[in-house]
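First comes the structure, then the notes that go with it.
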Amino acid sequence: MKHTSKNLWKLPVLVCLLGMAACEERADVVPVDADTKPVEVSLCFGFADEEDGYNLSASADTRGSDSGQGGAFTARPVPAVRTRATEPSHPDALYQFYLMQYKADGTLMGSVQSKEQITAGTDFSTLVTLTPATNCQLVVIVCGKGNTTPSIGGSLANVQQQVMDADLFKKTIPAEGFTQDDINKMPYMLHLPCVNVTSDGKLQSPDGSYDARLLLRRLATRLTVNWEIDAALKNAGYALKEVKLCQVPAAFRLLASPVETQWGMTYPSEVVEFIDYYRLTNASELAAGKKTVWIPANVRGTSAKATSPYYRTKENAPTAASYVELVVDNAVKKERLYYRAYLGGQESTDFNLYENKDYTWKLSVKSTAYQTDKRIQLLDQSPVQSTNLVETSNCFMMKPGTNICFNPYKHEAKMDGYNNRLSGWNPKLTNGSTLAADKQITDVRLLWQTKDDATSGDLVMGYAISGDDHSNLVCITDGSDLQKARIHVKVPVSKGGNAMIAAYSGNKIVWSWHLWITDYVPQGITSSVTYAQAQQLTQNGSVHQYATTAFKNGGTHVGKVVMDRNLCAMAGGFPGENASLLDFAKRIGYLYCWGRKDPFFGSIDGTTNEFNILYDEEGYGQPMGTVAYSSITLVDGNTLEYVIEHPDEFILGSSSDKGQNRCSWYNLNESSSEPQYLYNDTKTLYDPCPAGWKTPHRTMYVGWNINQGYWFDEDGKFRATGNTAHKRGGRLYNISGQNGVPSPRTKDNTAWFPATAYRSFDKGTLVFTSGSAAGYEGTNTFGPTGSLYRMYYSTMSKDKLSEPENGWGTLGETNPYRCVQE
Numbered sequence: 000m001k002h003t004s005k006n007l008w009k010l011p012v013l014v015c016l017l018g019m020a021a022c023e024e025r026a027d028v029v030p031v032d033a034d035t036k037p038v039e040v041s042l043c044f045g046f047a048d049e050e051d052g053y054n055l056s057a058s059a060d061t062r063g064s065d066s067g068q069g070g071a072f073t074a075r076p077v078p079a080v081r082t083r084a085t086e087p088s089h090p091d092a093l094y095q096f097y098l099m100q101y102k103a104d105g106t107l108m109g110s111v112q113s114k115e116q117i118t119a120g121t122d123f124s125t126l127v128t129l130t131p132a133t134n135c136q137l138v139v140i141v142c143g144k145g146n147t148t149p150s151i152g153g154s155l156a157n158v159q160q161q162v163m164d165a166d167l168f169k170k171t172i173p174a175e176g177f178t179q180d181d182i183n184k185m186p187y188m189l190h191l192p193c194v195n196v197t198s199d200g201k202l203q204s205p206d207g208s209y210d211a212r213l214l215l216r217r218l219a220t221r222l223t224v225n226w227e228i229d230a231a232l233k234n235a236g237y238a239l240k241e242v243k244l245c246q247v248p249a250a251f252r253l254l255a256s257p258v259e260t261q262w263g264m265t266y267p268s269e270v271v272e273f274i275d276y277y278r279l280t281n282a283s284e285l286a287a288g289k290k291t292v293w294i295p296a297n298v299r300g301t302s303a304k305a306t307s308p309y310y311r312t313k314e315n316a317p318t319a320a321s322y323v324e325l326v327v328d329n330a331v332k333k334e335r336l337y338y339r340a341y342l343g344g345q346e347s348t349d350f351n352l353y354e355n356k357d358y359t360w361k362l363s364v365k366s367t368a369y370q371t372d373k374r375i376q377l378l379d380q381s382p383v384q385s386t387n388l389v390e391t392s393n394c395f396m397m398k399p400g401t402n403i404c405f406n407p408y409k410h411e412a413k414m415d416g417y418n419n420r421l422s423g424w425n426p427k428l429t430n431g432s433t434l435a436a437d438k439q440i441t442d443v444r445l446l447w448q449t450k451d452d453a454t455s456g457d458l459v460m461g462y463a464i465s466g467d468d469h470s471n472l473v474c475i476t477d478g479s480d481l482q483k484a485r486i487h488v489k490v491p492v493s494k495g496g497n498a499m500i501a502a503y504s505g506n507k508i509v510w511s512w513h514l515w516i517t518d519y520v521p522q523g524i525t526s527s528v529t530y531a532q533a534q535q536l537t538q539n540g541s542v543h544q545y546a547t548t549a550f551k552n553g554g555t556h557v558g559k560v561v562m563d564r565n566l567c568a569m570a571g572g573f574p575g576e577n578a579s580l581l582d583f584a585k586r587i588g589y590l591y592c593w594g595r596k597d598p599f600f601g602s603i604d605g606t607t608n609e610f611n612i613l614y615d616e617e618g619y620g621q622p623m624g625t626v627a628y629s630s631i632t633l634v635d636g637n638t639l640e641y642v643i644e645h646p647d648e649f650i651l652g653s654s655s656d657k658g659q660n661r662c663s664w665y666n667l668n669e670s671s672s673e674p675q676y677l678y679n680d681t682k683t684l685y686d687p688c689p690a691g692w693k694t695p696h697r698t699m700y701v702g703w704n705i706n707q708g709y710w711f712d713e714d715g716k717f718r719a720t721g722n723t724a725h726k727r728g729g730r731l732y733n734i735s736g737q738n739g740v741p742s743p744r745t746k747d748n749t750a751w752f753p754a755t756a757y758r759s760f761d762k763g764t765l766v767f768t769s770g771s772a773a774g775y776e777g778t779n780t781f782g783p784t785g786s787l788y789r790m791y792y793s794t795m796s797k798d799k800l801s802e803p804e805n806g807w808g809t810l811g812e813t814n815p816y817r818c819v820q821e
């Protein structure tokens, strides 16, 4: 394998600790120490040849043969077709050159930047703030011709967060047929993580060897996908409907930040944004049978379970591995199949797409034998039918791979949100005896769904038949009959997630329901089930009774239990001292405006990412809806009817509203007590919790303090008063009421309250920063504070575990909630 380039740039570099008085005009120097004598180091740069992903070393028993595939679908890497006769190999100069020296801990020691091009053979000498040192790091980045952004500098961690404009690779530099001017714009980089700079002017590896040639590597990966469908299938009425390249990092990061995982060293992190890089549906694009693109590197490691191409399945692939999916449709048979091929190197266990490498994959669809090949999935286009009748609430907890049905006109709530008793019917739809024409449900549709692994993974509801027909996911039967009406829902096997479905009368939404898709099944206390038994019977988690006022004799929740996680969360309990940011984020849950039944997503991956979190019925990312309060037509002086018809829209006030105590989604009047019963001690029509559970009274958090709930500090220690606020932070509550963290620590004797994000009323965007990260828990309690009415909530910060307060509990902002047994 070749690693050399014809063009080399010799840079005699002065490693300098003197104060710089002058340097070349084109070089910007960042000096450091002023006491050490300059040392000249001769560095010689070149460009590494791009490598063919097919030619990477592979063990004989794991190479990508077609054995065991049964002939239905083959997906294999093939040698790249070389086009060097027409395509230049490398840039003809170093454009926008940066060189940085770092300590082993990533602290910047010195740097130099050339704002102009450095042509081949140039003697580029300048005073550079490199320091004689052992075990230091060197980073070289060549941004490419004309690419003046981003501004590179700071710590190593900062550089690892900096990205190039994706349009450079998608629109500016063609992936095929590029010219010399095109490739001159390509960024290149080099990271030497452990080198010595000697006082006599040598650059050495730790073992003392020295290589004068420093070879820069192309930042981008080049991927070519070829596809074909067997003629016999075409003759039988099967046609290619779509080609998708999925689960690709959205950003081109200048420098990788590898993380050790069960799959090996991987990058980028699981918490970055992953996207569908392209979705080809145009007839001419599909007929071309080929697509070549530049993509960011996606190194996901290896899976020992993928012993042959046949076993490169979702179950065996590492998290966030990139894949291509071919969608094949037969309109006459109403049959649609999804053929998935995970990408990587030639070994069947290899799921890596490295920078500076070219990968070519060939996909061949030969039959529809999905029954014997797990890489092929059949989309069932028949309407959902379920006989699993469940009680109607605003939230349904569904285990992956299950189905339910419910009567949409009924409701298990006891109160209507205005302190009036209910009789088992939803008064916004019917009185139980009559059904108005404009309330009759004529259709049910998916409003949004998530993926089952943050921005990667699979859709938790799956694909609908079409944008207008969601009946294979959710459907209505007997919508004109109050007694017989049923909404049927099914969810596929997944890791879990969240979704929202809505019932329509004509084109208007009349009600909506949240689906919490999770394998967590909490058990409540009954006449025959004790507290200890409820903990044992709870599946994939626990339930708790806190040592707080609500669970003591005479308390609001005495004889009941509370869930071990926030509503919508994908996991409960403390994830572990060494858990990833994504594992911590899975415990955050979604956010609710007090009094509203429908959720808004929080930080699903530990970031404030707002894109590609929610997806529609065809798998396209969609933004969270927002609407200005000023644009809403009020009914009875409030927005309640509007939010029923638009459950996925977050209501925004203005900055002046926020500053004038008008931070209320309901009526922009915090002096009004009118919404005080929307949540209540007795479950209401707008309570967001599933059947048998409700939002908690404020006394559930009365009687605890920081000594009973230690903060998880950034150094991995638990402390009553923490040192740092950070996104992996939170408080671990000892539910016995004793001080400190119990030993042994179990899911039954502790409750984890994570740092969470919130949404502001004036902007609606997520607020979640490491320097001020804290957790919040909402309650159903609403009351006066001075002349204002606000909700009570608790705060869990590095120096606080508060009993509920309502001084800042505005209805316009959001909080997580933890459901308690009714």
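Position 62, counted from 1, in the sequence shown is what numbering that gives the first Met the number 0 calls 61; the numbers after and before it change by one each time, with no gaps. Even glycine gets a Cβ: it sits at the ideal position worked out from N, Cα and C. Just so you know, these numbers come straight off a predicted model, no measurement behind them.
Query	Result
Would you call G495 buried or exposed, if buried means 16 or more other Cβ atoms sit within 10 Å of its Cβ?	buried
Report, in whole angstroms, the separation of the C-beta atoms of L684 and G416, which I expect to be a contact under 8 Å.	5 Å
Select from N54, S654, C688, M795 the residue whose C-alpha is nearest the C-alpha of E411.	C688
How many angstroms separate the CA atom of A230 from the CA atom of D349?	31 Å
If A546 sits next to I734, beta carbons under 8 Å apart, how far is it from one beta carbon to the other, in whole angstroms?	6 Å
Hey, how far is the Cα of T681 from the Cα of G739?	34 Å
Going by the DSSP bridge assignment, what does V326 pair with across the sheet?	E241, Y337
Strictly by DSSP, which residues pair up with F513?	For clarity, residue 513 is His in the given sequence; the question names Phe instead. H513 pairs with C394, M499.
Taking the straight line between their C-alpha atoms, what separation do you get for W826 and I375?	Residue 826 cannot be examined here, being either before or after the span of the chain that is shown, 0 to 821.
Three or more C-beta pairs under 8 Å: does that hold for the segment 770-785 against the segment 608-622?	no
On the DSSP letters alone, give me the boundaries of the alpha helix (DSSP H) that I294 sits inside.	Run containing I294: none in the alpha helix (DSSP H); it sits in the beta strand (DSSP E), 289-294.
What does T223 pair with, by DSSP beta-bridge criteria?	T291, T359
Could you check if A235 is buried or exposed, using at least 16 other CB atoms within 10 Å of its CB as the buried criterion?	exposed
I believe V561 touches R817 by the beta-carbon criterion, under 8 Å. Please report the beta-carbon distance rounded to the nearest angstrom.	6 Å
Once DSSP output is grouped into helix, strand and coil, what is the label at S58?	With a pLDDT of 41 at S58, under the threshold of 50, the modelled position of this residue cannot be trusted, and the question is left open.
What does a CB cutoff of less than 7 Å around G770 pick up in its chain, not counting 5 residues either side in sequence?	A724
Is it buried or exposed, G811, if we count other Cβ atoms within 10 angstroms and call 16 or more buried?	buried
Measuring alpha carbon to alpha carbon, tell me which of T720, E609, F711 ends up nearest G728.	F711
Can you tell me whether L137 is buried or exposed? The criterion is at least 16 other CB atoms within 10 Å of its CB, across all chains shown.	buried
Within 10 Å of its beta-carbon, does L167 have 16 or more other beta-carbons around it, so buried, or fewer, so exposed?	buried
Any idea what DSSP makes of Y676, helix, strand or coil?	helix
Can you grab the Cα-Cα spacing for the pair D477 / R485, in whole Å?	7 Å
State the start and end residues of the unbroken beta strand (DSSP E) segment that holds Y788.	787-796
Based on Cα-Cα distance, which residue from T745, L107, L377 lies nearest to P491?	L377
Short check: CB of W751 to CB of G601, under 8 Å?	no
For K726, is the classification buried or exposed, using 16 other Cβ atoms within 10 angstroms of its Cβ as the cut-off for buried?	buried
Taking only the alpha-carbon atoms, compute the straight-line gap between L279 and Y408 and give it to the nearest angstrom.	41 Å
Determine, for S769, whether the minimum Cβ-Cβ distance to residues of chain B falls below 8 Å.	Absent here is chain B; the protein component of the structure consists of one chain.
What are the boundary residues of the alpha helix (DSSP H) that includes G729?	Counting along the chain, G729 falls outside any alpha helix (DSSP H), though it belongs to the beta strand (DSSP E) covering 729-733.
Relative to the C-alpha of S392, which residue among Y322, A47, Y53, K693 is closest?	K693
Assuming L651 contacts A627 (C-beta within less than 8 Å), just tell me the rounded distance between them.	5 Å
Just the Cα atoms here: how many angstroms apart are I516 and Y310?	27 Å
What is the rounded straight-line gap between the Cα of L189 and the Cα of N608?	29 Å
Taking its Cβ as the centre, do 16 or more other Cβ atoms sit within 10 Å of E776, making it buried, or is it exposed?	buried
Kindly identify the DSSP beta-bridge partner or partners of N637.	V634
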